[in-house]
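Residue numbers (our numbering): 727 to 1036.
Every residue, glycine too, gets a C-beta built ideally from N, C-alpha and C.
Some notes on the structure that comes next.
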Ligand SMILES: [Zn+2]
């Protein structure tokens, strides 16, 4: 079968500090990706020692013992301290790369939501000053929940709405020891139900379609569709879950319930070990389940239109 090569915008790339920009550009060129959204990652292992955060984690772990799952807080704490520092990506670093390759990169910053309202306000001002176009947040690695920290999340959304910054919002499980669905429950997109009522001008991208999980793929896909159906200012990206577009049931559900105008191609490169941007794009190019028009929307046009509005 002849496979058509589509131009593309990758909406989800991580310029981790240990990855050279040449490597990113090479991966983009190999996949015929015109531009990539680079996302910052404001994460800090010391967050687990914030009393409120620690108490919540300990409560979750205690509940897990009823299901005979035993995880110690100290194990998680150690993992946070071992892993997070090498993936932390400064907003200034993202801005620097965008300034060097403005035709290839679009920059999104990040704000560690659990650090509180004052910190969110200060960081959004900086992100705006750096000329970045959006903000990446993760309920998992930034230890917040739209249900328990509604004020913080509302504040963040209001500021982003006012400053016209898009929000890339992690949904699905996290990695490593934090993969346990109970520990990632805060990243279930259904928790945004109601929270988005007052933010109809916010542009929010539900990363990973609610589906990311090594153990339970598609874990909150249904919930993600529910939210997209209710709020038409929501988008979803395919980062690390391109298989959704090869899944007959998932494709039919997207097509009939929300359409493909709000689906964005993202690769999560280089977060998924041994998976390139080309690997992820190939899956979408080759799937028999999408029309050529739908592929064009997902790979390029939706992202182009959204970026033009920022
Ligand atoms: Zn990511």
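Contact belief for residue i with residue j at Cβ below 8 angstroms, rounded distance in angstroms
i: residue 802; j: residue 903; result: 5 angstroms
i: residue 763; j: residue 737; result: 5 angstroms
i: residue 935; j: residue 967; result: 6 angstroms
i: residue 840; j: residue 870; result: 5 angstroms
i: residue 963; j: residue 931; result: 6 angstroms
i: residue 735; j: residue 997; result: At roughly 18 angstroms, the Cβ-Cβ gap does not stay under 8 angstroms, so residue 735 and residue 997 are not in contact.
i: residue 918; j: residue 953; result: 6 angstroms
i: residue 946; j: residue 924; result: Actually they do not touch by this definition, with Cβ atoms about 23 angstroms apart.
i: residue 740; j: residue 994; result: 7 angstroms
i: residue 905; j: residue 867; result: Not confirmed; about 12 angstroms, so no contact.
i: residue 986; j: residue 1023; result: 5 angstroms
i: residue 856; j: residue 821; result: 4 angstroms
i: residue 668; j: residue 834; result: Absent from the model: residue 668. The displayed extent of the chain is 727 to 1036, so no value can be given.
i: residue 933; j: residue 976; result: With a Cβ gap of about 16 angstroms, residue 933 and residue 976 do not count as contacting.
i: residue 865; j: residue 819; result: Residue 865 to residue 819, Cβ: 23 angstroms. No contact.
i: residue 928; j: residue 887; result: 4 angstroms
i: residue 898; j: residue 938; result: 3 angstroms
Near ligand 1: residue i beta-carbon under 8 angstroms from a heavy atom
i: residue 994; result: yes
i: residue 757; result: no
i: residue 896; result: yes
i: residue 740; result: yes
i: residue 933; result: yes
i: residue 765; result: yes
i: residue 965; result: yes
i: residue 997; result: yes
Residue i beta carbon near ligand 3 (any heavy atom closer than 8 angstroms)
i: residue 939; result: With respect to ligand 3, the structure offers nothing, as its ligand set consists of ligand 1.
Sequence-distant residues of its chain with Cβ nearer than 8 angstroms to residue i (five each side left out)
i: residue 854; result: 889, 891
i: residue 926; result: 957, 959
i: residue 780; result: 774, 799
i: residue 949; result: 914, 915, 916, 936
i: residue 811; result: 771
i: residue 847; result: 881, 885
i: residue 789; result: 908
Residues near residue i by beta carbon distance below 7 angstroms, same chain, minus five either side
i: residue 1021; result: 732, 1010, 1011
i: residue 942; result: 907
i: residue 876; result: 921
i: residue 979; result: 951
i: residue 852; result: 817
i: residue 786; result: 908, 909
i: residue 760; result: 733, 734, 735
i: residue 743; result: 815, 819
Close-in-space but distant-in-sequence residues of the same chain around residue i (CB under 6 angstroms, 5 per side omitted)
i: residue 1002; result: 753
i: residue 922; result: 957
i: residue 872; result: 879, 917, 918, 921
i: residue 961; result: 931, 988, 990
i: residue 885; result: 850
i: residue 824; result: 831, 833
i: residue 778; result: none
Any C-beta of chain D under 9 angstroms from that of residue i
i: residue 756; result: Considering every chain present, this structure includes no chain D. It has just one protein chain.
Check whether the segment 788 to 806 and the segment 883 to 893 are in contact - that is, three or more C-beta pairs closer than 8 angstroms. Two segments are said to touch when three or more pairs of C-beta atoms, one from each, lie closer than 8 angstroms; by this definition the segment 788 to 806 does not touch the segment 883 to 893.
Take every Cβ of the segment 739 to 754, pair it with every Cβ of the segment 814 to 833, and state whether three or more of those distances are shorter than 8 angstroms. By the criterion of at least three beta-carbon pairs nearer than 8 angstroms, the segment 739 to 754 is in contact with the segment 814 to 833.
Any contact of the segment 1010 to 1029 with the segment 765 to 784, i.e. 3+ C-beta pairs under 8 angstroms? No contact exists between the segment 1010 to 1029 and the segment 765 to 784.
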